[in-house]
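Q:
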Ligand code: GCU
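In the numbering used here, the protein residues as written are 684 to 1080.
(1) Residues in the same chain with beta-carbon distance under 7 Å from residue 837, minus the five sequence neighbours each way, listed in chain order, please.
(2) Pick from 992, 1043 and 936: whose alpha carbon is nearest that of residue 1073?
(3) Touch check for the stretch 906 to 914 and the stretch 812 to 825: three-plus C-beta pairs under 8 Å?
(4) Among 867, 1040 and 1029, whose alpha-carbon lies nearest the alpha-carbon of residue 1001?
(5) For residue 942, is the beta carbon positioned less than 6 Å from some heavy atom of the ligand GCU?
(6) Return the residue from the list 924, 809, 918 and 871 that minimises the CA-CA distance to residue 894.
(7) Under 7 Å between the Cβ atoms of residue 817 and residue 899?
(8) In angstroms with no decimal places, state the Cα-to-Cα distance between residue 891 and residue 777.
(9) Measuring alpha carbon to alpha carbon, tell me which residue in 720, 750 and 853 is nearest residue 881.
(10) Give the DSSP-derived three-state secondary structure of residue 704 in the structure shown.
(11) Going by the C-beta, is residue 827 closer than 6 Å to any heavy atom of the ligand GCU?
(12) Can you determine whether any heavy atom of the ligand GCU sits closer than 6 Å to the C-beta of residue 820, and answer yes or no?
(13) So is the beta-carbon of residue 955 under 6 Å away from any non-hydrogen atom of the ligand GCU?
(14) Along the chain, where does the beta strand (DSSP E) containing residue 1076 start, and where does it finish?
(15) Are the beta-carbon atoms belonging to residue 938 and residue 986 less than 7 Å from one another?
(16) For residue 926, does the count of other Cβ atoms within 10 angstroms reach 16, so buried, or fall short, so exposed?
Dropping the structure here:
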């Protein structure tokens, strides 16, 4: 028994060592790399206008991400049905209305229900923008009784700022677990995807769930559906970016510390790598992605191109200074490297060449960024920055 315990402890330590120490955290060792051409088509033509981008290059890059990274994003189903299952017009001491909406989607006689939780402010009495959180931290972070006020989903602050806040548990569409992720839309609605090397997996499913929440927002009269802000932290941030790319109804895409395979450049070899992520979380990605483990240079895309696919809509990238695993600098570099596509639309973002100081938010045309002090998390401070950016972008100050 004792020896068994010792073996377990040793294995655990080895794992922790491999995770924390074996990654590169040394700026001088990021090496040199060449990012794939963003504005040259597969047959070598230079893209110089947003029309050319939208007609030729954007679809090409989108397909590369589908085929090699996140998998397809199916949009077909037979029916969608919305039902308000709980409502309280006097929530938060009267300043908000709470709603739970059961969104039932049917395909080939099978169904899946996404439960959307949302608070909307009672004042002003006009449709408001909404922050939609792709939530992988469970329902406890979105306590509808508001006994537990979790900074991850600071509903009171968001309501006070005149925004609605909504969220759903990713487990409704794809449990965040290697053995169970199929037990949602993948088995029930889109089983064919599971047979494909470029098929949808968990991250795509979470984005799909958010798209169904947006289907509801378009019907909910308390929401201004032209002002939808998608938010995700870490793995949720990766899904938020993929959603922002796939669903043009998202006005602002927020990625909070999404790191590798999110906002950070994959080729930079700093913090988490494609090798680590596809080993620990293979079920997040299309199976094809694994071939780029320790082989990032062969990827036909890098993550700046993902951000570029969101143009001309707005993108906000948040980092935390101690969250080196998610490579704050690599996230800033990707954001900056996405600029040329925004420029095609006449948006001169002009981000500074160096990442801003810790806790110094920058808000430039259609792009924002901050690098908060502290660790990996999504906190009320981060939310204050998201709201400042949204106020600015929607001209609400
Ligand atoms: C792990 C994983 C990251 C992910 C993070 C999270 O650390 O390696 O890629 O972003 O979990 O979701 O918190």
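Heads up, the beta-carbon is just placed ideally off N, CA and C, and yes, glycines get one too.
A: This is what the structure holds:
(1) 1063 and 1066
(2) 936
(3) yes
(4) 1040
(5) yes
(6) 924
(7) no
(8) 33 Å
(9) 750
(10) Model confidence at residue 704 stands at a pLDDT of 49, short of 50, so the residue's coordinates are unreliable; what they give is reported in the following sentence. Residue 704 falls in the coil class under three-state DSSP.
(11) no
(12) no
(13) yes
(14) Not the beta strand (DSSP E): residue 1076 falls in the alpha helix (DSSP H), residues 1063 to 1076.
(15) no
(16) buried
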